[in-house]
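Structure first, then comments.
In the numbering used here, the protein residues as written are 169 to 981.
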């Protein structure tokens, strides 16, 4: 059986997986059964047993070996973890072996994992020419691949196995933009924890997630992978996912290394065109785009991936000032830095490298440790080093960082701990994991409109016409990064609604991929014979994701015609809006009685939506990216600068607005309704002033459920610095709390802010806390402020890090 064979589900056969891993009393060292090719002198073993020290010849070198023969008079102590002497290992490595550690190769394709792992590929592993593989999975086949690395290569250095596990491995959760709409970092942490548990059981060590790019242009297809437009909320979601993937012990067998991406300003691509350059001022770069990356660093992310695009004309993968100087030297981060797919090679297309060896030198100088699949390091880095020997110590630094994460993952202690086939079979799509996916899906749904309290539906609602191809599209609910998710695992809206309600008539009507209107008539006929219409409209999975930018934000296909025809029946109309981005849908807002944004919700999409339609789940999600009225209104982010002529609704005034549209987005950042209502009391401050140097202030507000149903309220704290040395945004989020309230129940929510959270990136290029008045606002959305107050900063002081990267302490009583 080859490694590329179908992924097994049974126990590993010795004939497939190779000989059992040799264990000395000092720990699992990963030696060959016949002769060790690992230099035992590279490891110091705590309290290793009395034994016989022998010599083994390895490629002409005399290598000390501990032979496991404890004296009969002395009992062997328990095995202890080995401590790798990385510097000694690097000294023993040839130039080719060092470069090999910097090489990540494809073990297969995203739809054909392990398919490239043939004899030629295994020879590269034996020669030490590969440090990592992506597009691989499966406990048994990856154990065999790892065995080749640790038992048949000269130095026995283990491989790193990686995959894009973005919102689930086998149990697929909602897409990240949807989970961010929960305004609940625990949702993000839970998905990452479960994704780590499943993917680690399948032999993986590393995911290329979380994606923490701030995205303010919904035309950009990869907005689906992040947390929307805000740096503060994005920072909280970033750190939560890092915690979830990596846990408290990166060396545990059920954790994986986070690969936070895409370092730089990938989300600021011009015109929302994927891979396009970003022209971003340094203040916006520091305060907005880099903040979630800093939060991930503070949370301990073990790796970053560079952005594809150029920042101010400098491609990120070759940007020494951004990566080596700022990320490494100034931030003090020493993890593994990976290029994106072929991004080192693409330095030629960017026009900053004339040859592949030039590209290799640029990337290494920028401190990019690993080259994803382009083989530029593999084929051309040696030539670059020969031309410029100053690259050699940089190579050693990169190798050291790669070996360090392999050590931290415990791969030198036990390279096979990720390859337990029984554990793999047990954890995949377990009942607990499905339950967590459903809970996350329910918390991610946003009620955008509910005129006349059409929702929730009564259990005796009569006949329901379920219209729209998306209602029965299982594949789309998995999103564009589905890892090992399968369409047959998904419960669709149609399946769930037909199971929950006795009288449902389903008609596709129109598809987001087709311009064929022939199904509209049947949909209208079904609607006329029904008591209520539930229309699933929006985008299928392939409208969003990488290389899925759109020039239009309208409903694609003939869905607008379908909507108009359904509305013309006069029946109550509920739109279930699916997709991976904010859309410009004024016609939906105008014609539908109720609108639920359900995104792409994963394997439990259908039950989550049906529970919300019937009120078993009271929607509490809020938007993390504004919905514009039209594509021409983009960007419509809430935290814009005021300008010298702030936008005014009076069209007769010359202000910063479009003359043919209102000045507000269709649905603002933070917007979301509920089946209940909430009232806010006045703000109480712990003090009216705060010292710039180390001061704190606590903002407390009472919130009451004034409705008749239990529900969630997302309490949002915003600030504004009205007079500063540079123009400041009209609002900036600085805290939030999602709280559960029974009817009539009141709770107090307190936010404790430090002075550093009011800092700005000054004209001098440093963080600065300036004196003066700060406006504080608490409300249910950025455009629904319920209480205001001010606090005064006394004195001035240097700031620390991006204010949005600093978490606010929240207490609920």
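We put the beta carbon where it would ideally sit given N, CA and C, even for glycine.
Using CA atoms only, rank isn't needed, just tell me which of the options is closest to residue i.
i: residue 864; options: 854, 872, 873 and 871; result: 854
i: residue 903; options: 348, 882 and 578; result: 882
i: residue 985; options: 357, 920, 356 and 572; result: The chain is shown from 169 up to 981; residue 985 falls before or after that span and cannot be answered.
i: residue 921; options: 624, 836, 547 and 974; result: 974
i: residue 601; options: 765, 746, 405 and 771; result: 771
i: residue 668; options: 631, 504 and 324; result: 631
i: residue 724; options: 613, 709 and 538; result: 709
i: residue 469; options: 369, 813 and 414; result: 414
i: residue 320; options: 295, 304 and 547; result: 295
i: residue 352; options: 384, 790, 812 and 954; result: 790
i: residue 695; options: 717, 714, 735 and 665; result: 735
i: residue 354; options: 665, 605 and 557; result: 605
i: residue 580; options: 254, 873, 442 and 497; result: 254
i: residue 427; options: 652, 794 and 331; result: 331
i: residue 549; options: 524, 558 and 406; result: 524
i: residue 916; options: 536, 532 and 905; result: 905
Is it right to say residue i is buried, meaning 16 or more other beta carbons lie within 10 angstroms of its own, or is it exposed?
i: residue 826; result: exposed
i: residue 627; result: exposed
i: residue 893; result: exposed
i: residue 976; result: buried
i: residue 277; result: exposed
i: residue 429; result: buried
i: residue 876; result: exposed
i: residue 819; result: exposed
i: residue 621; result: exposed
i: residue 1049; result: No information on residue 1049 is available, as it lies outside the stretch 169 to 981 that the chain covers here.
i: residue 385; result: buried
i: residue 665; result: buried
i: residue 756; result: buried
i: residue 862; result: exposed
i: residue 697; result: exposed
i: residue 471; result: buried
i: residue 379; result: buried
What first and last residue would you give for the beta strand (DSSP E) that runs through residue i?
i: residue 329; result: 328-331
i: residue 618; result: 614-618
i: residue 882; result: 879-888
i: residue 856; result: Per DSSP, residue 856 belongs to no beta strand (DSSP E) and is neither H nor E.
i: residue 914; result: 914-922
i: residue 555; result: Counting along the chain, residue 555 falls outside any beta strand (DSSP E), though it belongs to the alpha helix (DSSP H) covering 544-555.
i: residue 431; result: 427-431
i: residue 870; result: 864-873
i: residue 274; result: 271-274
i: residue 959; result: 952-962
i: residue 771; result: Counting along the chain, residue 771 falls outside any beta strand (DSSP E), and DSSP gives it neither H nor E.
i: residue 974; result: Premise fails: residue 974 is in no beta strand (DSSP E) and is neither H nor E.
Assuming contact is defined by CB atoms lying nearer than 7 Å, are residue i and residue j in contact in what I supplied?
i: residue 720; j: residue 799; result: yes
i: residue 980; j: residue 885; result: no
i: residue 266; j: residue 563; result: yes
i: residue 520; j: residue 483; result: yes
i: residue 839; j: residue 949; result: yes
i: residue 486; j: residue 530; result: yes
i: residue 317; j: residue 327; result: yes
i: residue 850; j: residue 914; result: no
i: residue 275; j: residue 285; result: yes
i: residue 660; j: residue 640; result: yes
i: residue 858; j: residue 650; result: no
i: residue 634; j: residue 672; result: yes
i: residue 898; j: residue 966; result: no
If I'm right that residue i touches residue j with Cβ under 8 Å, what's the distance once you round it to whole angstroms?
i: residue 1021; j: residue 842; result: Only positions 169 to 981 of the chain appear in this structure, which leaves residue 1021 out of reach.
i: residue 704; j: residue 636; result: 4 Å
i: residue 343; j: residue 767; result: 6 Å
i: residue 475; j: residue 433; result: 7 Å
i: residue 411; j: residue 467; result: 6 Å
i: residue 146; j: residue 919; result: Here the chain comprises residues numbered 169 to 981, so residue 146 is not present and cannot be evaluated.
i: residue 889; j: residue 942; result: 6 Å
i: residue 538; j: residue 314; result: Between residue 314 and residue 538 the Cβ distance is about 18 Å, and since that is not below 8 Å, they are no contact.
Ends of the alpha helix (DSSP H) at residue i?
i: residue 903; result: Premise fails: residue 903 lies in the beta strand (DSSP E), 900-909, not in any alpha helix (DSSP H).
i: residue 519; result: Unbroken run through residue 519: none, as it is neither H nor E.
i: residue 592; result: 589-595
Looking at chain C, is there any beta carbon in it that lies within less than 7 Å of the beta carbon of residue i?
i: residue 813; result: Looking for chain C here will not work: only one protein chain is present.
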